[in-house]
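J.: Next up is a structure, given as structure tokens.
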Amino acid sequence: DVKVTQSSRYLVKRTGEKVFLECVQDMDHENMFWYRQDPGLGLRLIYFSYDVKMKEKGDIPEGYSVSREKKERFSLILESASTNQTSMYLCASKLSGAAYNEQFFGPGTRLTVL
Amino acid sequence: QKEVEQNSGPLSVPEGAIASLNCTYSDRGSQSFFWYRQYSGKSPELIMSIYSNGDKEDGRFTAQLNKASQYVSLLIRDSQPSDSATYLCAVLPSGGYNKLIFGAGTRLAVHP
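Same order as they appear, the protein sequences are chains B and W.
In terms of this note's numbering, the first sequence opens at residue 71 and continues consecutively.
In terms of this note's numbering, the second sequence opens at residue 57 and continues consecutively.
Right, dumping it as structure tokens:
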């Protein structure tokens, strides 16, 4: 079974803090994704990575950065957290190739910025 | 901006009925379509994928795709209370390269 884990289920931070969210997958997937999920807006892609050290912006990258130094780990960084970044953050991974379409999601991190 | 639209619900159906969930998408070149189920407080899980026009059945679930109308639906037969969840429609647009676009989801409530 594919397992995607995230470092925290719940996180509370203060405005201006630097925040690290970590995601680890154990199935050697090339592609990893960071989404945020807000009521009424669905899942929105922040960044994704298709290989180690490779990254591409998603639909809402502003205020975020990412790091992928190892294949199994993809980190989301909020350089200076703001209250509008309060959200549920979901990490996902998938294999490359047209035959592999399923994205496997981690349990999510609910981040509150005060 | 490529979009995926779903009615937010809640869609309330009695146990044993057919639940019909609908989704429209804006990118006519989209080729791959997915339905994810998300229980409250949990992460999404894939339940159906469909790539060609027509119906695809898997147990109590049937996905229907009509590319001409840019419409994809999910039917759940013999609905159970355990089907109560939010159902997310996701579309891989043309040139999407793994970048799914998700709808906001439809909340389904199956009552005994």
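Cβ atoms here follow ideal geometry from the backbone N, Cα and C, with glycine treated the same way.
All values derive from a computational prediction rather than experimental measurement.
Starting from the beta carbon of K155 (chain W), find every residue of chain B whose beta carbon is closer than 9 Å, and list them in chain order.
T.: F103, L115, F118, E126, G128, D129, listed in chain order.
J.: Going by DSSP in three states, P70 (chain W) sits in which element: helix, strand or coil?
T.: If DSSP states are grouped into helix, strand and coil, P70 (chain W) belongs with the strands.
J.: Between the Cα of I132 (chain W) and those of W:G151, W:P149, W:G97, W:R93, spot the shortest distance and give me the residue it belongs to.
T.: That would be W:R93, whose Cα lies nearest to the Cα of I132 (chain W).
J.: Give me the Cα-Cα distance between T75 (chain B) and E172 (chain B), rounded to the nearest whole angstrom.
T.: Straight-line Cα distance between these residues: approximately 17 Å.
J.: Listing by chain order, which chain B residues have their CB less than 9 Å from the CB of R144 (chain W)?
T.: Here the sequence assigns Leu to residue 144 (chain W), which means Arg is not the residue at that position. Within chain B, the residues near L144 (chain W) are G112, L113.
J.: Residues in its own chain within less than 6 Å of A73 (chain W) by CB, not counting five upstream and five downstream?
T.: S135, listed in sequence order.
J.: Does any residue of chain B have a CB that is nearer than 7 Å to the CB of L130 (chain W)?
T.: Answer no: the Cβ-Cβ gap between L130 (chain W) and chain B never drops below 7 Å.
J.: From F103 (chain B) to S152 (chain B), what does the alpha carbon distance come to, in whole angstroms?
T.: In a straight line, the C-alpha of F103 (chain B) is about 21 Å away from that of S152 (chain B).
J.: Do we get a CB-CB distance below 7 Å when we pair F144 (chain B) with the residues of chain W?
T.: So, not an interface residue.
J.: In the structure shown, what three-state DSSP assignment does N101 (chain B) receive?
T.: Strand, per DSSP.
J.: Which residues, in order along the segment 166–180 of chain B, keep a beta-carbon less than 7 Å from a beta-carbon of chain W?
T.: Within the segment 166–180 of chain B, the residues whose Cβ lies closer than 7 Å to some Cβ of chain W are N171, E172, Q173, F175, G176, P177, G178, listed in chain order.
J.: Could you confirm whether any beta carbon from chain W is found closer than 7 Å to the beta carbon of L91 (chain B)?
T.: Output row for L91 (chain B): interface = no.
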